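Engineer:
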Amino acid sequence: MTLSEEEAAEELTDGTLTRAPSRARMVAGRFFRSTQGLIGFAVLALMFLLAFVGPLFSPWTYTDKDFTAFMQPPSARHWFGTLQTGSDVFAVTLRGMQKSLVVGLLAALVSTALAAVVGAFAGYFLGWTDRVLSWVTDLLLVLPAFLILAILSPLFGSGQWPLFVIMLALFLWMVTSKIVRGMAVSVKQREFVQAARYMGVPPVRIIFRHVIPNLSSLLIVDATLNVSSAILTETSLSYFGFGIQPPDVSFGTLIADGSRTAVYAPWTFWFVAGLLVITVLAVNLVGDALRDAFDPSSGRP
Numbered sequence: 001m002t003l004s005e006e007e008a009a010e011e012l013t014d015g016t017l018t019r020a021p022s023r024a025r026m027v028a029g030r031f032f033r034s035t036q037g038l039i040g041f042a043v044l045a046l047m048f049l050l051a052f053v054g055p056l057f058s059p060w061t062y063t064d065k066d067f068t069a070f071m072q073p074p075s076a077r078h079w080f081g082t083l084q085t086g087s088d089v090f091a092v093t094l095r096g097m098q099k100s101l102v103v104g105l106l107a108a109l110v111s112t113a114l115a116a117v118v119g120a121f122a123g124y125f126l127g128w129t130d131r132v133l134s135w136v137t138d139l140l141l142v143l144p145a146f147l148i149l150a151i152l153s154p155l156f157g158s159g160q161w162p163l164f165v166i167m168l169a170l171f172l173w174m175v176t177s178k179i180v181r182g183m184a185v186s187v188k189q190r191e192f193v194q195a196a197r198y199m200g201v202p203p204v205r206i207i208f209r210h211v212i213p214n215l216s217s218l219l220i221v222d223a224t225l226n227v228s229s230a231i232l233t234e235t236s237l238s239y240f241g242f243g244i245q246p247p248d249v250s251f252g253t254l255i256a257d258g259s260r261t262a263v264y265a266p267w268t269f270w271f272v273a274g275l276l277v278i279t280v281l282a283v284n285l286v287g288d289a290l291r292d293a294f295d296p297s298s299g300r301p
């Protein structure tokens, strides 16, 4: 039964018609009954609020320079201290968090959408379509993604971060696509898909209206976990100068700069490093809780 069918399901109780709980509500109920789901969701929501609302309460912006306070420790004037340039660490860190969260979310959505489309088309059509798409998938799996992105890094100049997101997403979808392909082969044999085929519904419409929606649980969990993968990949690339480019900042660029002064000015490193760890852990907690909510049998004892 598809999600829409479950939402429309009704049952007769005490002579009156009552709507059965939808699958979405059951999943949400399991998720919010999970301790790790609640903790992960609360922490992640706090991180987003801090990143996008926090700058409104800061007396400094990430472009401001305080020429009277170079490399100063945290104080009432500069909550997280200052950098060598006089920039406020709190303001710069929140700007970097914004960029990393946006890059992670967009890359995760694009990669999951690509995995869904490629895997569903390969599993539905099989034959030459499956062979060609599987060959492309296998080729990208063996290519050194980090090296290729590093070589292409000159294209990611200032203001070109959307191109970086697209390139990052191109190396995150392959494993999920193979899983989707196997599940699409199974969904293709379901009665409602066979009925749609006999009625002459175009294959592309069947894929987008019936096959992919029936893989929604896998895709939602995959998109969530891909956020942390994308953030960590962006951080690694930016740390070595191959990702987000100056004058913009991200977790990676800030950690790279802070690591040079971490010994004698730890506030330039540990605040951003701590927020990165907390964000990634929160995303993983949400992803694990979602997986258990969609498939309770997968839960660990």
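Position 17, counted from 1, in the sequence shown is what UniProt numbering calls 17; the numbers after and before it change by one each time, with no gaps. Idealized CB from N, CA, C, for every residue including glycine. If you're wondering where the values come from, they're calculated on a predicted model, not measured in any experiment.
1. Looking at the secondary structure, which residues open and close the alpha helix (DSSP H) in which D288 lies?
2. Check whether the Cβ atoms of S238 and S229 sit closer than 8 Å, and answer yes or no.
3. I'd like the list of long-range same chain contacts for T61, defined as Cβ closer than 6 Å, with 5 residues on each side in sequence excluded.
4. Between which residues of its own chain and V227 is the CB-CB distance below 7 Å, once the five residues before and five after are set aside?
5. Grab me the residues of S34's own chain with a C-beta within less than 8 Å of its C-beta, minus the 5 sequence neighbours each way, in chain order.
6. Which term fits D64, buried or exposed, when burial requires 16 or more other beta carbons within 10 angstroms of its beta carbon?
7. Considering only the alpha carbon of each residue, which of R260, T224 and P203 lies closest to G123?
8. Applying the 10 Å Cβ sphere with the 16-neighbour rule, what's the burial state of E5?
9. Below 8 Å between beta carbons: does that hold for G243 and E234?
10. In whole angstroms, what separates the C-alpha of A20 from that of M26?
11. Excluding sequence positions up to five away, which residues of its chain have a Cβ less than 6 Å from the Cβ of G54?
12. Taking DSSP's pairing of strands, which residues face L88 in a bridge?
13. For the putative contact between A265 and M47, defined by C-beta atoms under 8 Å, what is the C-beta separation to the nearest angstrom?
14. How about D222 and A115: are their beta carbons less than 8 Å apart?
15. Taking 6 Å as the limit between beta carbons, can you name the residues of its chain near V174, skipping five residues before and five after?
16. Work out the CA separation of L172 and G96 for me, nearest whole Å.
17. Cutting at 7 Å between CB atoms, please list the residues of its own chain near W128, excluding the five before and the five after it.
18. Quick one: grab the DSSP three-state call for I244.
19. Residue range of the alpha helix (DSSP H) that Y198 falls in?
20. For the alpha helix (DSSP H) that S216 lies in, which residues bound it at each end?
21. Can you tell me which of the three DSSP states M97 falls into?
22. Please give the ranges of any alpha helix (DSSP H) in the segment 46 to 71, keeping only runs that are unbroken, at least 4 residues long and fully inside the region.
23. I'd like the ranges of any beta strand (DSSP E) spanning at least 3 consecutive residues and lying wholly in the segment 120 to 168.
24. Mind checking whether L276 and G40 have CB atoms under 8 Å apart?
25. List the whole-angstrom C-beta distance separating V185 from L218, where the pair is believed to meet the contact cut-off of C-beta under 8 Å.
Structural biologist: According to the data block:
1. Taken as a continuous stretch (DSSP letters only), the alpha helix (DSSP H) holding D288 covers W267 to F294.
2. The Cβ-Cβ distance between S238 and S229 does not fall below 8 Å.
3. Here the set comprises A91.
4. Within its own chain, the residues whose Cβ lies closer than 7 Å to the Cβ of V227, once the five positions on either side in sequence are excluded, are G104, L105, A108 and V283, listed in chain order.
5. Contacts found: A289, D292 and A293.
6. With fewer than 16 Cβ atoms within 10 Å of its Cβ, D64 is classed as exposed.
7. Nearest C-alpha to G123: P203.
8. Per-residue confidence for E5 stands at a pLDDT of 42, beneath the threshold of 50, marking its modelled position as unreliable; the derived number appears in the next sentence. With fewer than 16 other Cβ atoms within 10 Å, it is exposed.
9. Cβ distance < 8 Å, so G243 and E234 count as in contact.
10. For A20, the predicted model reports a pLDDT of 42, less than 50, meaning its position is unreliable; a value from the coordinates is still stated below. A20 and M26 have their C-alpha atoms spaced approximately 10 Å apart.
11. Closer than 6 Å at the Cβ level, and outside the excluded window around G54, lie L94.
12. Leu is not the amino acid found at residue 88; the sequence shown has Asp there. Assignment of beta-bridge partners to D88 by DSSP yields T82.
13. About 24 Å; that fails the 8 Å criterion.
14. The beta carbons of D222 and A115 sit closer together than 8 Å.
15. The identity of residue 174 in the sequence shown is Met, whereas the question assumes Val. Sequence-distant Cβ neighbours of M174 in its own chain, meaning closer than 6 Å and more than five residues away, are T137, L140 and L141.
16. So the alpha carbons of these two residues sit roughly 22 Å apart.
17. There are no such residues.
18. Note: I244 maps to coil in three-state DSSP.
19. Boundaries of the alpha helix (DSSP H) around Y198: E191 to Y198.
20. Taken as a continuous stretch (DSSP letters only), the alpha helix (DSSP H) holding S216 covers S216 to Y239.
21. Correct three-state label for M97: helix.
22. List check, alpha helix (DSSP H) in window: 54 to 57.
23. Qualifying beta strand (DSSP E) stretches: none in this window.
24. Result no, Cβ atoms of L276 and G40 do not sit closer than 8 Å.
25. Contact between V185 and L218 is absent: CB atoms are separated by about 14 Å, not below the 8 Å threshold.
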